[in-house]
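Worksheet: the structure to be examined is printed underneath.
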Amino acid sequence: MTLKQLKSSYADLLLEIDAAGGRKDGLHLIRKADKILASIHAMEQRCLTPTWEEILGER
């Protein structure tokens with residue numbers, strides 16, 4: 915999945931969590947959203963890691 919798709923899935927899950935009636939359903943959705951958020955964070959960290967050229971250029 916792309917970063918944009920992950921963010922869209924996360925937003926959809928937040929809406930589902932808000933609409934969830936039961937505690938069990940909500941908890942399952944929260945766990946799923948947490949996994950997606952971790953994936954988003956990891957992907958953003960990889961994208962924001964400086965290149966060697968950027969690191970060496972700062973010296």
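Take 915 as the starting number for the sequence shown in the numbering used here and just add one per residue. C-beta: ideal position from N, C-alpha, C; glycine also. None of the values given here were measured: they were computed from a predicted structure.
With contacts defined as CB atoms closer than 9 Å, Y924 and I944 fail to qualify as a contacting pair. With respect to the C-alpha of L917, the residue from A947, D926, G935 and C961 having the closest C-alpha is C961. Per DSSP, G936 lies in no alpha helix (DSSP H) and is assigned neither H nor E. Taken atom to atom, the span from the alpha-carbon of K938 to that of S922 is near 23 Å.
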